[in-house]
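S.K.: Mind having a look at this structure? Questions to follow.
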Amino acid sequence: MAGVPREEPLLYPGVWPRESGLLDGDRLLPLDRPVHEDRVDRVPVLAIGSNASPGQLRHKMAEFGIDSPIPMVKARVTGVDVGVSAHVSRMGYVSASPVGTPGLVRELFVLWLDAEQLAVIDASEGVPMATGNFDRAWLCGPGVRVEQAEGDGTAVLRGAYAYVNRHGVLRGGTGTPRRHPGDQRTLITELLQGSARLRELFGVTPEEFRARARADRRLCERGTRLFAEEKRVTASGLERYVRSGRTDEPLAGTRPPPTAPMP
């Protein structure tokens, strides 16, 4: 629970659990029963960055007095990797964003959120806002597969939500999406070393970057535009899932009201 990225940006994405668990207030408890996909009161959401950190989740929920438990289930995910968002967060970090990676298999956490919890996470990602950074997309179909342990076997979900960056993602040297290193100091250092203009805006160290970004929303917007101007941005490969209108999406056509500050 220690080290909340919203309070200590250079700790982003925070500490992820080793195993599935139930986030209950200030405790992460063993998940003592399966979480089934067909539960009518919860929906599955892939945690790509700090949403997989119990400390960050607790911080977001506590801000609005929400203390209902959140199942966090480790899952085997095919077709999705963790890229780098093509925007500078006013929280003081450069966040993670999902990217489509055909055939890749990796472990991620699935959060099973009720409507109230989902509204907070949606708004924290800027979904309800015209100027927000993310859309919530329903990932499903042959390109994406999400499996989680259920009893003695595994269950394949019909799909899962994920937050797709509206600005795109940063590209690597080959032009494909850059993978998030999972260490904010490493990422920011590399980004600053690669751009003199970014250094002019945010300084030469991760600490300077953090301090300047947290103090100035317009500076963050300028940094976001700079990524595009320097042609460091590419598509995530998941844009086709945004507002796809698929009939198997559990919350098709709905968007909860904004209830939390946008990063």
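Just so it is clear: in the sequence shown, position 133 is 133 by the numbering used here, and no numbers are missing. Cβ coordinates follow ideal geometry from the N, Cα and C atoms, glycine included. Here the structure is a predicted model, which is why all the values come from computation and not from measurement.
#1: Would you mind working out which of S53, T78, E19 sits nearest R145, comparing C-alpha positions?
#2: With distances taken between CB atoms, is the gap from R42 to L108 smaller than 7 Å?
#3: Assign T101 to buried or exposed, taking buried as 16 or more other Cβ atoms, counted over all protein chains shown, within 10 Å of its Cβ.
#4: In this structure, does DSSP put A52 in helix, strand or coil?
#5: Measuring straight from C-alpha to C-alpha, what distance separates A213 and G194?
#6: Under 7 Å, do L192 and L201 count as touching if we go by C-beta distance?
#7: Taking only the alpha-carbon atoms, compute the straight-line gap between P128 and D135 and give it to the nearest angstrom.
#8: Let me check understanding here. Comparing Cα to Cα, which of A130, P44, V15, L23 lies closest to A115?
#9: Just checking, does the stretch 78 to 93 make contact with the stretch 203 to 220 on the three C-beta pairs under 8 Å criterion?
#10: Return the chain-ordered list of same chain residues with a C-beta closer than 7 Å to the C-beta of I66, the five sequence neighbours on each side being excluded.
#11: From this set, V73, K60, A149, R158, which residue's C-alpha is nearest A123's C-alpha?
#12: What does the alpha-carbon distance come out to for the pair D81 and L170?
#13: Quick one: any contact between the stretch 154 to 174 and the stretch 228 to 245, if contact means 3 or more CB pairs under 8 Å?
#14: Below 7 Å between beta carbons: does that hold for L139 and A160?
#15: Go ahead and pull the three-state DSSP assignment for F209.
#16: Look at the alpha carbon of Q184 and the alpha carbon of P71, and state the distance between them as a whole number of angstroms.
#17: Apart from the five residues on each side of it in sequence, which residues of its chain come closer than 7 Å, Cβ to Cβ, to G203?
#18: Work out the CA separation of E63 and A96 for me, nearest whole Å.
#19: Just tell me which of L23, R33, R76, V164 has its CA closest to the CA of S53.
#20: DSSP three-state label for E190, please.
#21: Do you know how far the Cα of Y163 is from the Cα of E125?
#22: Is the beta carbon of A75 sitting closer than 7 Å to the one on V105?
#23: Per DSSP, what kind of secondary structure is V120 in: helix, strand or coil?
#24: Per DSSP, what kind of secondary structure is F109 in: helix, strand or coil?
#25: Are the beta-carbon atoms belonging to G14 and Q56 less than 7 Å from one another?
#26: Kindly indicate which residue of T205, P17, S68 has the alpha-carbon position closest to the one of A47.
M.R.: In terms of the structure at hand:
#1: T78
#2: no
#3: buried
#4: helix
#5: 18 Å
#6: no
#7: 8 Å
#8: P44
#9: yes
#10: E116, Q117, V120
#11: K60
#12: 13 Å
#13: yes
#14: yes
#15: helix
#16: 26 Å
#17: F209, R212
#18: 22 Å
#19: L23
#20: helix
#21: 7 Å
#22: no
#23: helix
#24: strand
#25: yes
#26: P17
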